[in-house]
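S.K.: I'd like to ask some things about the structure below.
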Amino acid sequence: MPTPRWPYPAVLVLTAVMLGVSGAPAPLYGIYAEQWGFAPITTTVVFAVYAAAALSSVLVTGAISDRYGRRPVLLVAIVLVLVGLVVFALADGVVALVVARALHGWGVGAVVVAGSAALLDLRPDAGARAGLHSGVAFNLGIAVTVLLVSLDAELGPAPLVTPYVVLAVLTLLGAVAVLAMREPHTQDRAVRLNVARPRVPAAIRPDFRFSALGVMAAWSVLGVFLSLFPTIAAHAVGTTNLAFGGSVVAISAGVAALSQAVGARFAARSAAVVGDLGTAASLLLCIGAVALGDPVVLLATSAVLGVFFGLAFGASLRHLGQVVPAGHRGEVMSAFYVLAYTAMVVPTLLAGWAATVWGAEDVLAPFLVLVAVACTAAGLLGLRVRGVAPDEPVDAPGAHGSADGTATERPVRAG
Numbered sequence: 001m002p003t004p005r006w007p008y009p010a011v012l013v014l015t016a017v018m019l020g021v022s023g024a025p026a027p028l029y030g031i032y033a034e035q036w037g038f039a040p041i042t043t044t045v046v047f048a049v050y051a052a053a054a055l056s057s058v059l060v061t062g063a064i065s066d067r068y069g070r071r072p073v074l075l076v077a078i079v080l081v082l083v084g085l086v087v088f089a090l091a092d093g094v095v096a097l098v099v100a101r102a103l104h105g106w107g108v109g110a111v112v113v114a115g116s117a118a119l120l121d122l123r124p125d126a127g128a129r130a131g132l133h134s135g136v137a138f139n140l141g142i143a144v145t146v147l148l149v150s151l152d153a154e155l156g157p158a159p160l161v162t163p164y165v166v167l168a169v170l171t172l173l174g175a176v177a178v179l180a181m182r183e184p185h186t187q188d189r190a191v192r193l194n195v196a197r198p199r200v201p202a203a204i205r206p207d208f209r210f211s212a213l214g215v216m217a218a219w220s221v222l223g224v225f226l227s228l229f230p231t232i233a234a235h236a237v238g239t240t241n242l243a244f245g246g247s248v249v250a251i252s253a254g255v256a257a258l259s260q261a262v263g264a265r266f267a268a269r270s271a272a273v274v275g276d277l278g279t280a281a282s283l284l285l286c287i288g289a290v291a292l293g294d295p296v297v298l299l300a301t302s303a304v305l306g307v308f309f310g311l312a313f314g315a316s317l318r319h320l321g322q323v324v325p326a327g328h329r330g331e332v333m334s335a336f337y338v339l340a341y342t343a344m345v346v347p348t349l350l351a352g353w354a355a356t357v358w359g360a361e362d363v364l365a366p367f368l369v370l371v372a373v374a375c376t377a378a379g380l381l382g383l384r385v386r387g388v389a390p391d392e393p394v395d396a397p398g399a400h401g402s403a404d405g406t407a408t409e410r411p412v413r414a415g
């Protein structure tokens, strides 16, 4: 029986919705802070709880989905997300936000890993394209959701309830799709369950290090932009309009999605290096834009940042999709997102603490300079990785894994 075509786009849409859930509170943190009187450190702690929960989720999700299948993991994750949306809609204090974000971290983290692995299962000969599609879905989900939530926060009658109800309906539709699809992971099942740590086959470790470096640099920016930057941007231009702060993030994420699609025409390694170095330069431009306080300049700078962020994230993910062996997809994607979420948590918490002590606007410039240095280092290190040919088969014998998914050694030279 031929494999239906619809599960692949359905998993992509589900992933986009889940990333939308992760970004939905970003424009609303200012309202929560005003109503409940908490400091910037509280905002970043609430956000970091999400990232830490997602980190713990990706530690176990990959191996579990490799052993028992993608559908069970996706269904459990959807239930966690739905419960978290209910808690958000009924929230009356910081504790509820923390609980909701923890539930969303566990659920979204599981969908990201199991969904990414499912895409590779559904189209095993198109690993690079699956990586591209995942990256575009991630950024589109965040961009569309943040923009719509921002507009609702400014114009809607119930901004702390309506977005979560709409997202719950979309999540339920995703659950229906998962229930209707056949299990995509039917071959190369792991013989035993080992969730102690993610594992990267030796044959692809040089490629993995390169991909992970780029995403760690990109996601260190993402955490701060989804927690503090909407409020900082609004203050910089002297407005209380919540739609403006959300638009800064939405434009950056939307352009990032477009950038990934265009960047797919170029070799993954080269695109990632350009993305890393361009992100570093764009972050320095953001410092000047905030200091200038001009809304047009700030929005334009966010768009420029999105161009290079999209290249750094999308090309790194695409490169990994080219080389991951079939029998280890879940474990490798777990390792990948463990590093990505770690890079999101630590800088976000540090920025929140510093913003509480010295003020958000005062710490933004030194923080962005440090992240720019890290992005530059990632780009320079990427120049030393040869990478793989863009169209090289993922699982071809003699490439990076045997036909049955068993990793084989492949030398990778620096230079």
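Read in order, the letters of the sequence shown are residues 1 to 415 in UniProt numbering.
By construction, the Cβ of each residue, glycine as well, lies at the ideal position given by its N, Cα and C atoms.
Remember, predicted model here, so these are calculated numbers, not experimental data.
Quick one: complete alpha helix (DSSP H) runs, 4+ long, within the region 283 to 326?
M.R.: Note on the region 283 to 326: whole alpha helix (DSSP H) runs with a minimum of 4 residues are 295 to 323, in chain order.
S.K.: Going straight from the alpha carbon of Val304 to that of Thr356, what length do you get?
M.R.: One-based indexing of the sequence shown puts residue 304 at position 304. One-based indexing of the sequence shown puts residue 356 at position 356. For Val304 and Thr356, the distance between alpha carbons rounds to 28 Å.
S.K.: Quick check: does the Cβ of Val363 come within less than 7 Å of any heavy atom belonging to the ligand PLP?
M.R.: No copy of the ligand PLP occurs in the structure displayed, which carries no ligand at all.
S.K.: Can Ser316 and Gly214 be called in contact, C-beta distance under 8 Å?
M.R.: In the sequence shown, counting from the first residue as 1, residue 316 sits at position 316. In the sequence shown, counting from the first residue as 1, residue 214 sits at position 214. Contact: yes.
S.K.: Output the residue ranges of the alpha helix (DSSP H) runs that lie fully inside the region 235 to 274 and measure 4 residues or longer, sorted by chain position.
M.R.: Along the region 235 to 274, the alpha helix (DSSP H) occurs as fully enclosed runs of 4 or more residues at 242 to 263, listed in sequence order.
S.K.: What ranges does the beta strand (DSSP E) occupy inside the region 114 to 148, keeping only unbroken runs of at least 3 residues that lie completely in it?
M.R.: DSSP runs (the beta strand (DSSP E)) wholly in the region 114 to 148: none.
S.K.: I want to know whether the region 92 to 110 touches the region 150 to 158 - three or more CB-CB distances under 8 Å.
M.R.: No, they do not touch.
S.K.: Flag this pair as yes or no: are the beta carbons of Ser211 and Met344 separated by less than 8 Å?
M.R.: Against the sequence shown, residue 211 aligns to sequence position 211. Against the sequence shown, residue 344 aligns to sequence position 344. Not in contact: Ser211 and Met344 (Cβ atoms no closer than 8 Å).
S.K.: To the nearest angstrom, report how far apart Val76 and Gly107 are at their CA atoms.
M.R.: Taking the first residue of the sequence shown as position 1, residue 76 is located at position 76. Taking the first residue of the sequence shown as position 1, residue 107 is located at position 107. Using only the alpha carbons, I get a separation of about 8 Å.
S.K.: Quick check on this structure: which residue in Pro159, Ala365 and Leu170 has the alpha carbon closest to the alpha carbon of Ala291?
M.R.: In the sequence shown, residue 291 corresponds to position 291, counting from 1. When only C-alpha atoms are compared, the closest one is Ala365.
S.K.: Restricting to Cα atoms, I'd like to know which of Leu320, Phe309 and Trp353 is closest to Ala372.
M.R.: Here residue 372 refers to the residue found at position 372 when the sequence shown is read from its first residue. Comparing Cα-Cα distances from Ala372 to each of Leu320, Phe309 and Trp353, the minimum goes to Phe309.
S.K.: Could you check whether Phe313 and Gly30 sit closer than 8 Å to each other, using their CB atoms as the reference points?
M.R.: Numbered from 1 along the sequence shown, position 30 holds the residue referred to as residue 30. Numbered from 1 along the sequence shown, position 313 holds the residue referred to as residue 313. Against a cut-off of 8 Å, the Cβ pair of Phe313 and Gly30 comes out as no contact.
S.K.: Please specify which runs of the beta strand (DSSP E), each continuous and at least 3 residues long, are wholly inside the region 146 to 222, giving them in chain order.
M.R.: The region 146 to 222 contains no whole beta strand (DSSP E) run of 3 or more residues.
S.K.: How do the region 234 to 242 and the region 21 to 36 stand: do at least 3 beta-carbon pairs fall below 8 Å, yes or no?
M.R.: Pairwise C-beta distances place the region 234 to 242 in contact with the region 21 to 36, as three or more of them are shorter than 8 Å.
S.K.: Could you name the residues of the same chain whose beta carbon sits closer than 6 Å to that of Gly23, not counting the 5 residues immediately before and after it, in chain order?
M.R.: Here residue 23 is taken as the residue at index 23 of the sequence shown, counted from 1. Only Ile142, Thr145, Val146 and Leu226 meet the Cβ criterion.
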